[in-house]
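A.B. asks:
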């Protein structure tokens with residue numbers, strides 16, 4: 006999978022950037038869900054955690070892609 010990503014032009018920096026963006030998106034989705042929905046803090050927490058779990062995945066993919074760039 007990593008080799009195909011590398012061959013398609015995706016670099017480690019792209020994956021790292023996606024990880025940092027997902028951290029910001031996690032905070033944003035938590036804040037907006039908490040502020041705009043009536044479902045309460047529990048639902049906002051679930052949204053924030055769900056999106057926040059993407060960041061380690063993107064960072065791991067970035068580390069894997071880094072091995073193809075050397």
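Residue numbers (our numbering): 6 to 75. Ideal Cβ positions, reconstructed from N, Cα and C, are used throughout, including at glycine. From a predicted model like this one, the values you see are computed outputs, not experimental measurements.
Out of 31, 25, 12, which has the shortest C-alpha to C-alpha gap to residue 64?
C.D. replies: Comparing Cα-Cα distances from residue 64 to each of 31, 25, 12, the minimum goes to 25.
A.B. asks: If distances are taken between C-alpha atoms only, which option among 27, 8, 72, 7 comes closest to residue 52?
C.D. replies: For residue 52, the nearest C-alpha among the options comes from 27.
A.B. asks: By Cβ distance, which residues of its chain are closer than 7 angstroms to residue 71, with the 5 residues on each side in sequence left out?
C.D. replies: Cβ within range, chain order: 17.
A.B. asks: Take residue 20 as the anchor and find which of 49, 40, 7 has the nearest alpha-carbon.
C.D. replies: Per the Cα distances, 7.
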